[in-house]
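Encoded as structure tokens, the structure appears first; notes follow it.
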Amino acid sequence: MLRPNIGTLNALIRITLGFTLLSWGTATLVRRSLKSIPMLSVIIGSMKVAEGITRFCPVVFLYEERQEDHYEDEEDFSPMNPS
Numbered sequence: 001m002l003r004p005n006i007g008t009l010n011a012l013i014r015i016t017l018g019f020t021l022l023s024w025g026t027a028t029l030v031r032r033s034l035k036s037i038p039m040l041s042v043i044i045g046s047m048k049v050a051e052g053i054t055r056f057c058p059v060v061f062l063y064e065e066r067q068e069d070h071y072e073d074e075e076d077f078s079p080m081n082p083s
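Residue numbers for the sequence shown follow full-length UniProt numbering, so the first one is 1 and each next one is one higher.
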């Protein structure tokens, strides 16, 4: 089970901006043929809405995992005093 890794305010901001991108991209795609920028905004917007609802961000998860690995490596390292 994935634990939430973003706060409530962050989730609300992601939902708001995600719906904004999603609605703009959808409205643009209705008027024109398939263009890359509106399609990309629909994909990113829907991803942000999903992240806000679940309160889980995969990028934050990967960043935190990398930080934990970095600190574990430092514990094993004993610096030598050059003097």
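Each residue gets a CB set at the ideal place from its N, CA and C atoms; glycine is no exception.
Identify whether residue i lies in helix, strand or coil by the three-state DSSP scheme.
i	result
Phe56	coil
Pro38	helix
Ile43	helix
Leu21	helix
residue 97	Absent from the model: residue 97. The displayed extent of the chain is 1 to 83, so no value can be given.
At the level of alpha carbons, what is the spacing between residue i and residue j?
i	j	result
Gln67	Phe19	31 Å
Gly45	Glu64	23 Å
Going by the beta-carbon positions, is the gap between residue i and residue j smaller than 8 Å?
i	j	result
Ser41	Gly25	yes
Ile6	Val60	yes
Nearest by alpha-carbon distance to residue i: which of the options is it?
i	options	result
Thr8	Val60, Arg55, Val30, Phe61	Arg55
Ser23	Ala11, Ile6, Lys48	Lys48
Arg14	Cys57, His70, Leu62	Cys57
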